[in-house]
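*Asks:*
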Amino acid sequence: MSEHAMDGNPIRLSRRSFLEGVGLVTAGLALELMPTSAWAAMPTAYPPLPEQGFRPNVYVHVAPDGLVTIVCHRSEMGQGVRSSLPVLIADELGADMARVKVTQGDGDKAYGDQNTDGSSSVRKIFTDLRYVGATARTMLVSVAARRWGVPANTCVARDHAVFHPASKRSLGFGELANDAAKLSVPARKDVTLRPRSELRHLGKELPLLDGPDIVTGKAVFGADVVLPGMLTAMVVRPPVAGGRVSRYDATRTLAVPGVKRVVELPAPKLPFAFQPLGGIAVVAEHTWAAMRGREVLDVTWENGDNAGYDSAGYRQELVKAIGSAGKVVRNVGDADAALASAQRKLEADYHTPHLAHAPMEPPAAVARVEGGRCEVWACTQNPQAARTEVARALGIDESQVTVHVTLLGGGFGRKSKPDYVAEAALVSRAVGAPVRMQWTREDDVRHDYYHSTCAQRLTAALDDSGKVVAWRHRIAFPPIGSIFSGATFAGDGELNQGILDLPLAIPHVRMENCEARAHTRIGWMRSVANIYHAFSVQSFINELAHARGMDPRDMLLELLGPPRIVTPRELGVEKVPNHGQSLEEHPIDTGRMRRVIERVTALSRWDSRKQEGRALGLAAHRSFLSYVAVVMSVVKDPDDRIRVDEAWIVADAGTIINAERVRAQFEGAVIFGMSLGLYGAITMKDGATEQSNFRDYRLVRIAETPRRIHVDVIPSEGPPCGVGEPGVPPVAPALANAIFALTGTRVRELPFVRSVRV
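For the sequence shown, full-length UniProt numbering begins at 1 and goes up steadily by one.
As structure tokens, then:
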């Protein structure tokens, strides 16, 4: 178990990226921080390789001098994917990491799914990447065995060479590379994986590959790319999603020294998908000029159908929606009849507002359009989607678009939507020069793909002994599908996050999805719909415990029921999407959930929690196939404000690769979840976002973080589960439950700052 008081999922920025985000880079400073020649060092999917050598697949190359190059096809945003996936391949191959070069993959379908989202980078491709390394190993061993005239199964690959133990002979990988390149690549069925015990680094504390460059300022983030002749663009976007330019006057803008052009961007056609929002781009020699020019641009907007969007009014619409029956998405028994005849019922409404991603590095992309082709450098989580959107925006074939991936200063799902990349490409084509599209913090907060606002009503019936015999859950929120199809009901992917897959040992269960129409761009954010589902369910269970005079832990365990594998039939659904993986490999296992609950309460000394001036709150949730339980400890400071002084988080995430980064992800999840719970709220007035920066969209600050965050990851040899997101959902409800235990104030909405002094 580890104890760390700092955010374990750090957002690391180069000096330029940070200064761009707060609008402090001038032309001279930009040149000082990033010399023009630096662009040539940007990573590519297929690195310059010797003509000779061995490349059995798109991930691995072995050079005649023995250098092994491994491509990381997922995006690095602090979670350590570049320090984890290549190590797994190298271990399976038998390579020495001291002689391995890791390079970043461009957007290319040859890699399969590249979207660094959904906590899928390990869980979905763990075995596939092992076969990547094992295939290369099999071919190298085959060459060595032929040279020696011995059976291949008498040879072993380790320490960057193939050995024949019986004769004590060995050949380095480089010595075998050219002959291996002449072999046919074996079918997967003819390749054998190593015993897990031979994966030397699996589950160990691994160094952060990019750490030295990040701390010395050498790392290249989206805003750090500089091309010869590059201009900088900033956009005045419609304040209301779906709005468009009515008229504009650029006279004062063009008079600003350094401003070169203004370019009107096309207004999006509904549904939004990943299209840019439109508006006017101000193109200048440097950032300062672009910012000043943008400030004095005279624009009149036609705000469109969403001009009347108001958060307070829309909240009432959602409450009205959950007041009536919705579309039944899950049903066991007859919850309505059980509720109608119950002598005792408990009902509560919960509300969560829109939330913004707010990564420390605002979106940025560099594009160069020339000769019918487009080359892009971007801090993107999804380079394939960026490639597709750029091709669509420019009206060219995807084969004419190259997307290079830089480091990301955080993403949380925002940077998997490539609207900002398409903006860069459109402006570059218009001005005939390379263009860096730079968003500021204000741009990012005001024009995000927001996490959806949500209202929920939970109703339970209790029998004479206090047992919960019926459970009805109504939920209304504008779904993510609204940006792709205009959908007004949630899809199974969102409902699978704590609704369809929630195990309850209750005889009558009914879940209903109520209609809700979107009036702004809605998108996935770290842990997605799990945020509001876990908040309502785990808070309501705590309310039930209080109503019964019962220990909240015991209540939670009672509603989970005995250890068992939960089937779709028990859940009352036809199927469980299960985050894209099979129930056979990743069943819903209440035994694993009970284990993390029992473990976290033991570590936090739950049974002795009633201490003067201090209270504990508990919550647990399964998401992205992982099981996570959280206990938050709260106290009051001398000013009678509530403070979090300690936190415990226990996770069962199956097999893990990099223990240090896994721990860091869960530490960061506590901080992220606290920010959402205490302060997170985006509100709309007249269709426009009212918040603009960290002064009014608060994040937890260092003095507010727990003095200790205890992380405990249960050892497992089970299949890998998600790590980046599952730690977030239980944090806010655990904190709400702790606040109730300390103050007697029941918090049923985010952010808590609206209800209590924090």
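Yeah, the Cβ is synthetic: ideal placement off N, Cα and C, and Gly gets one too. The structure presented is a predicted model; accordingly, all values stated were derived computationally and were not measured.
1. Which complete alpha helix (DSSP H) runs does the region 525-560 hold, if anything under 4 residues is left out?
2. Taking C-beta to C-beta, are Ile522 and Ser485 nearer than 9 Å?
3. Please specify which runs of the beta strand (DSSP E), each continuous and at least 3 residues long, are wholly inside the region 597-668, giving them in chain order.
4. Under a Cβ-count criterion, where at least 16 other Cβ atoms within 10 Å of its own Cβ denotes burial, should Glu76 be classed as buried or exposed?
5. Okay, do the region 353-360 and the region 402-416 touch, 3+ Cβ pairs below 8 Å being the bar?
6. Among Glu494, Arg137, Gln384 and Ala365, whose alpha-carbon lies nearest the alpha-carbon of Val376?
7. Just the Cα atoms here: how many angstroms apart are Ile186 and Leu193?
8. Distance check for Cys514 and Ile739, CA to CA, integer angstroms please.
9. Run the CB neighbour count on Ser633, radius 10 Å, all protein chains shown included, and call it buried at 16 or more, exposed below.
10. Based on the DSSP output, what are the partners of Cys454 in its beta bridges?
11. Can you list, in chain order, the residues of its chain with a C-beta nearer than 7 Å to that of Gly28? Leave out the 5 residues immediately preceding and following it.
12. Thinking C-alpha only, which one of Asn303, Asp65, Ser539 and Pro165 is nearest Ser246?
13. Check whether the region 453-462 and the region 534-541 touch, using three or more Cβ-Cβ pairs below 8 Å as the test.
14. Counting C-beta neighbours from all protein chains within 10 Å, is the total for Gln691 16 or more, i.e. buried, or is it exposed?
15. Would you decide whether Ser121 is buried or exposed? Buried here means 16 or more other CB atoms lie within 10 Å of its CB.
16. Please state whether DSSP places Asp463 in a helix, a strand or coil.
17. Taking all protein chains shown into account, decide if Lys415 is buried (16 or more other Cβ within 10 angstroms of its Cβ) or exposed.
18. Suppose the cutoff is 6 Å on Cβ atoms and the five residues either side in sequence are ignored; what does the same chain contact list for Ile125 look like?
19. Taking one C-beta from the region 325-343 and one from the region 421-436 each time, how about it: are there three or more such pairs within less than 8 Å?
20. Taking only the alpha-carbon atoms, compute the straight-line gap between Val662 and Ser197 and give it to the nearest angstrom.
21. Check whether the Cβ atoms of Val631 and Glu704 lie closer than 9 Å to each other.
22. Please give me, in chain order, every unbroken run of the beta strand (DSSP E) with length at least 3 that falls completely inside the region 365-423.
23. Taking all protein chains shown into account, decide if Leu270 is buried (16 or more other Cβ within 10 angstroms of its Cβ) or exposed.
24. Span of the alpha helix (DSSP H) holding Ser482?
25. Decide yes or no for the touch test of the region 436-446 against the region 664-680: beta carbon pairs closer than 8 Å, at least 3 of them.
26. I need the DSSP call for Thr154, collapsed to helix, strand or coil.
27. Using DSSP's beta-bridge definition, name the partner residues of Trp301.
28. State the beta-bridge partners of Cys72 as determined by DSSP.
29. Taking the alpha-carbon of His519 as reference, which of Ala223, Ser452 and Arg252 has the nearest alpha-carbon?
30. For Leu571, which of Asn331, Val369, Cys155 and Ala136 has the nearest alpha-carbon?
31. Can Asp492 and Pro577 be called in contact, C-beta distance under 9 Å?
32. Should the region 251-259 be regarded as contacting the region 461-469, the criterion being three or more beta carbon pairs within less than 8 Å?
33. Of all the alpha helix (DSSP H) runs that stay within the bounds of the region 82-128, which reach a length of 4 or more residues?
34. Do you know how far the Cα of Ile565 is from the Cα of Ala342?
35. Compare the Cα-Cα distances from Val225 to each of Arg474, Asp298, Thr406 and Ala505 and report the closest residue.
36. If you reduce the DSSP assignment to three classes, tell me which class Asn331 lands in.
*Replies:* If we stick to the structure as given:
1. 530-548 and 552-560
2. The residue given as residue 522 occupies position 522 in the sequence shown. The residue given as residue 485 occupies position 485 in the sequence shown. For Ile522 and Ser485, no; Cβs fall outside 9 Å.
3. 614-623, 626-636 and 642-652
4. In the sequence shown, residue 76 corresponds to position 76, counting from 1. Under this definition Glu76 is a buried residue.
5. yes
6. Here residue 376 refers to the residue found at position 376 when the sequence shown is read from its first residue. Of Glu494, Arg137, Gln384 and Ala365, the residue nearest in Cα terms is Ala365.
7. Here residue 186 is taken as the residue at index 186 of the sequence shown, counted from 1. Here residue 193 is taken as the residue at index 193 of the sequence shown, counted from 1. In the sequence on display, residue 186 carries Pro and not Ile. The alpha-carbon atoms of Pro186 and Leu193 are separated by roughly 13 Å.
8. For this step, residue 739 is matched to residue 739 along the sequence shown. For this step, residue 514 is matched to residue 514 along the sequence shown. Taking the straight line from one Cα to the other gives about 30 Å.
9. As a first step, residue 633 must be located in the sequence shown, where it is residue number 633. Result: buried.
10. For the purposes of this step, residue 454 is identified with residue 454 of the sequence shown, where counting begins at 1. Paired residues: Thr352.
11. As a first step, residue 28 must be located in the sequence shown, where it is residue number 28. Unreliable placement is indicated for Gly28, whose pLDDT of 26 sits below 50; the coordinate value is still reported in the next sentence. Closer than 7 Å at the Cβ level, and outside the excluded window around Gly28, lies no residue.
12. Locating residue 246 in the sequence shown gives position 246, counting from the first residue. Closest option to Ser246, Cα to Cα, is Asn303.
13. yes
14. Locating residue 691 in the sequence shown gives position 691, where the first residue counts as 1. Buried.
15. The residue you call residue 121 lines up with position 121 of the sequence shown. Ser121 is buried by the Cβ-count criterion.
16. The residue given as residue 463 occupies position 463 in the sequence shown. It is coil, neither helix nor strand.
17. Taking the sequence shown and counting its residues from 1, the one referred to as residue 415 is at position 415. By the 10 Å Cβ count, Lys415 comes out buried.
18. Position 125 of the sequence shown, counting from 1, holds the residue named residue 125. Result list for Ile125: empty, nothing under 6 Å.
19. no
20. The residue given as residue 662 occupies position 662 in the sequence shown. The residue given as residue 197 occupies position 197 in the sequence shown. Cα-Cα distance, rounded: 20 Å.
21. Counting from one through the sequence shown, the residue named residue 631 turns up at place 631. Counting from one through the sequence shown, the residue named residue 704 turns up at place 704. Not a contact, by the Cβ cut-off of 9 Å.
22. 373-378 and 401-405
23. Your numbering for residue 270 matches position 270 in the sequence shown. Under this definition Leu270 is an exposed residue.
24. Here residue 482 corresponds to residue number 482 of the sequence shown, with the count starting at 1. First-last of the alpha helix (DSSP H) with Ser482: Ser482 to Ser485.
25. no
26. As a position in the sequence shown, residue 154 is number 154, starting the count at 1. Thr154 falls in the helix class under three-state DSSP.
27. Indexing the sequence shown from 1 puts residue 301 at position 301. DSSP, once it has assigned bridges, lists Val245 as partnering Trp301.
28. For the purposes of this step, residue 72 is identified with residue 72 of the sequence shown, where counting begins at 1. The partner list for Cys72 (beta bridge, DSSP) reads Gln104.
29. Walking along the sequence shown from the start, residue 519 turns up at place 519. Per the Cα distances, Ser452.
30. In the sequence shown, counting from the first residue as 1, residue 571 sits at position 571. Out of Asn331, Val369, Cys155 and Ala136, Asn331 has the C-alpha closest to the C-alpha of Leu571.
31. Counting from one through the sequence shown, the residue named residue 492 turns up at place 492. Counting from one through the sequence shown, the residue named residue 577 turns up at place 577. Result yes, Cβ atoms of Asp492 and Pro577 sit closer than 9 Å.
32. no
33. 85-93
34. The count along the sequence shown starts at 1 and reaches residue 342 at position 342. The count along the sequence shown starts at 1 and reaches residue 565 at position 565. Computed Cα separation, rounded: 30 Å.
35. Start at 1 with the first residue of the sequence shown, and residue 225 comes out as number 225. Closest by alpha carbon: Thr406.
36. Within the sequence shown, residue 331 is the residue found at index 331, counting from 1. In this structure, Asn331 counts as strand in the three-state DSSP scheme.
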